[in-house]
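Enquirer: Read in order, the letters of the sequence shown are residues -25 to -1, 1 to 248 in mature numbering (1 follows the signal peptide of the UniProt record, and there is no 0).
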Amino acid sequence: MTGIAVWTAAVSALALLALGGQAFAQSGQAQPTVTDPHFKIAPGYLARSELPDSLVLLGPPPAAGSAALARDEEARKATIPLRNTERWTLARRDAELAFPQAASAFSCAMGVGIDAARTPRLYAMTQKMLSDFGLSTYGVKNKYNRVRPFVVHDEATCRADQEAILRGDGSYPSGHTAAGWGWALVFAQINPERSNELLARGIAFGQSRVICNAHWQSDVDAGRIMGAATVARLQTNPAFLADLEAARAEVKAAKAKQPALDCAAETAALSGQ
């Protein structure tokens, strides 16, 4: 699914990235309740007070009867034919934020395997960023606690094992999307020669949440904004910048010695999105 609205959201998220040195600190609100355990896998780079504030950057989710909600419903309906296809299977894999699967989701786009053995610095960096991206969404998540599409329509998602957590975790904005888009932006900094492939994979990673029936399209669009805002904030963090440079060298070395990855299945799945 690659409509104009999706690319508009992607471009707006990139615009936020350009604000790298500006302050996005949380504005003194209470610490958010974090429901999804994936966002506690490893300590992030940023303190809670340094995270971008979703309550400042985002408005409320679409209201009942609005054109925006109608757009969400149309986007959901457009993905129904993809259920139980190769694209659905990829969306199921993209739903897994536990490691090593979460890191390997971008291996084909990167052109090298992202794992603890071959790219250990990048692998650890990916874990740390996940916490920052996910936590950035919880101000708005907790405020609105939007009901997810599979609950509204009494349907299943692509991951039945995750549905109990999702039912109690606000749908808006999408933390998975914030992570996927944030990773894509950082990975493109690390390996600019593959930036088109990495950014395209980051967009597809977010769209997997709509295909999976776990998120509305507006959740995904808002998640991209929070991912980009978090990447912007990371540009001022000395530990992140040191890891960024080390990861660049690590990926360059890996590209020189690793054999080509087998990406035929992923390519086939994405061609049907």
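We put the CB at the ideal spot given by N, CA and C, even for glycine.
Can you tell me whether DSSP reads K230 as helix, strand or coil?
Expert: Looking at K230 - three-state DSSP - the assignment turns out to be helix.
Enquirer: Could you tell me which of L32, E71, C187 sits nearest to R58, measuring between CA atoms?
Expert: The candidate whose alpha carbon is nearest that of R58 is C187.
Enquirer: How far does the alpha helix (DSSP H) with A38 in it extend, from its first residue to its last?
Expert: Unbroken run through A38: none, as it is neither H nor E.
Enquirer: When DSSP labels each residue in this structure, what does D90 get in the three-state scheme?
Expert: In the structure shown, D90 sits in coil (DSSP, three-state: anything other than H, G, I, E or B).
Enquirer: Taking buried to mean at least 16 other C-beta atoms within 10 Å of its own C-beta, is L216 buried or exposed?
Expert: With fewer than 16 Cβ atoms within 10 Å of its Cβ, L216 is classed as exposed.
Enquirer: Looking at the unbroken alpha helix (DSSP H) that takes in Y20, where does it start and where does it end?
Expert: Where Y20 is concerned, there is no enclosing alpha helix (DSSP H), given that its DSSP letter is neither H nor E.
Enquirer: Under the rule that 16 or more other beta-carbon atoms within 10 Å means buried, what is P35, buried or exposed?
Expert: Label assigned to P35: exposed.
Enquirer: With a threshold of 6 Å on Cβ separation, who are the neighbours of R51 within its own chain once the five nearest residues in sequence on each side are excluded?
Expert: Closer than 6 Å at the Cβ level, and outside the excluded window around R51, lie P124.
Enquirer: What do you get for S24, buried or exposed, if any count of 16 or more other CB atoms within 10 angstroms of its CB means buried?
Expert: Per the 10 Å Cβ criterion, exposed.
Enquirer: Near S82, what residues of its chain come up, given a Cβ to Cβ distance below 7 Å and the 5 sequence neighbours on each side ignored?
Expert: Within the same chain, S82 has close Cβ partners G88, I89, L236.
Enquirer: Which of the three DSSP states, helix, strand or coil, is assigned to Y147?
Expert: Residue state, collapsed to three classes: coil.
Enquirer: Whole angstroms is fine: what's the gap from P27's alpha carbon to A197's?
Expert: If you take the alpha carbons of P27 and A197, they lie about 13 Å apart.
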